[in-house]
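Engineer: Got a structure for you, questions after.
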Amino acid sequence: MYTKNKFFLWHLSASILIGLLSAYIVFFIWYPAPLAKAIGVTHLFGLLLIIDVILGPLLGWIVYKESKKTLRFDLSIIILVQIIAYSYGMYSVAQGRPLWIVYSQYHFDVVQSKQIDELDRAKAAQQYRERSLLGVQYVALKDDESYKKNDVDYQRRGWTSYPANYTKLSLVQLRMAKMAFDLKYLNQTNDPQQVAKVLKQHPSADGWFPLKAPMSDMVVLVDKTKGEVVEIANLKPLR
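Quick note on UniProt numbering: the sequence shown kicks off at 1 and runs consecutively.
Listed below in C-alpha cells is the structure:
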C-alpha cells in the first residue's frame, strides 16, 4: 500500500505541475484576460485539466496492484493515453489561440491561428507570416482596400483571415481617430459605474471600437491621439 500511495502522489504531483504550467501558458500568454472569455477557451481547458490532473492519477491508483504481472504495462498505457490526450488538448487550445487582433473600418476582429489562410500567409510581409507563440499582436487592414476581391472564399472567410492584407496600426491612425466611438455610448449597454471604473484605470482612452470575438464581443479602448490600443475591456459594445 505504501508503494501504491507513493506512486499515486508522484503521478498526481507531476500532473498538477504540468497543469499549472499549462494554465500559465494558456491564460497569461496565449489568451490573456479578457480574451479567454471572449474566445471561450476556459471550458475546453477545464476538460483538459480533468483528464490530466484527475483521471490520469485516479486510474493509476485504481489499477495499481503490486502483485499484478502486467502492472508496468498497465501504468505505461495509462500514462501514454494521458500524454496523448493532453497533447491533443493543448494542440486544440493552441490552434484556437488569438494570433492577431485586426482593425477594420468600424471594429476589431479576433483572428485565431486556425483561421489564417496558409497560401495567403506566404504572400504576406515577413512580420505577418509568423505564428507567434508569445502572445497576440495588433494590426490593421490596409487603407487602400485593394485586398477586397470578389473571390467567394475571400468573402466567406473574411478579409481579416488573410495576412497579406495587414499593415501597421500606426499607419491608419487618422482613420481610427475619425471612426472611433465616443466613450459616452458605453453607458447605453453597460452599468455606468462599471464603465467609470474601467475608464479610471485607463485614463488615456478617449475612444473605443467593438471587438468581434467567437464567444463574447467586447470593447477595444483606444487613444485616438496616438493611434494606439489602450486595452481590451470586458464591456458590451453597442448592438
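In this text, a Cβ means the ideal position worked out from N, Cα and C, and glycines have one as well.
From a predicted model like this one, the values you see are computed outputs, not experimental measurements.
Could you tell me which of 44, 93, 66 and 137 sits nearest to residue 5, measuring between CA atoms?
Structural biologist: Minimum Cα distance to residue 5 is reached at 66.
Engineer: Assuming residue 101 is part of the beta strand (DSSP E), what are its boundary residues?
Structural biologist: Counting along the chain, residue 101 sits inside the beta strand (DSSP E) bounded by residues 98-103.
Engineer: Can you tell me where the alpha helix (DSSP H) holding residue 29 begins and where it ends?
Structural biologist: Here residue 29 belongs to no alpha helix (DSSP H), and DSSP marks it neither H nor E.
Engineer: What span of residues does the beta strand (DSSP E) with residue 228 cover, start to end?
Structural biologist: 228-233
Engineer: Enumerate in chain order the residues of its own chain whose CB-to-CB distance from residue 60 is below 8 Å, with the five nearest sequence positions on each side excluded.
Structural biologist: 7, 8, 11, 75, 78 and 79
Engineer: Ends of the beta strand (DSSP E) at residue 212?
Structural biologist: 207-212
Engineer: Does residue 212 pass the burial test, meaning 16 or more other C-beta atoms within 10 Å, or should it be called exposed?
Structural biologist: Buried, by the Cβ-count rule.
Engineer: What ranges does the alpha helix (DSSP H) occupy inside the stretch 43-119, keeping only unbroken runs of at least 4 residues that lie completely in it?
Structural biologist: Taking only runs of at least 4 residues, the alpha helix (DSSP H) segments lying wholly in the stretch 43-119 are 56-63 and 71-95.
Engineer: Reducing DSSP to helix, strand and coil, say where residue 218 ends up.
Structural biologist: strand
Engineer: Within 10 angstroms of the Cβ of residue 106, are there 16 or more other Cβ atoms? Answer buried if so, exposed if not.
Structural biologist: With fewer than 16 other Cβ atoms inside 10 Å of its own Cβ, residue 106 counts as exposed.
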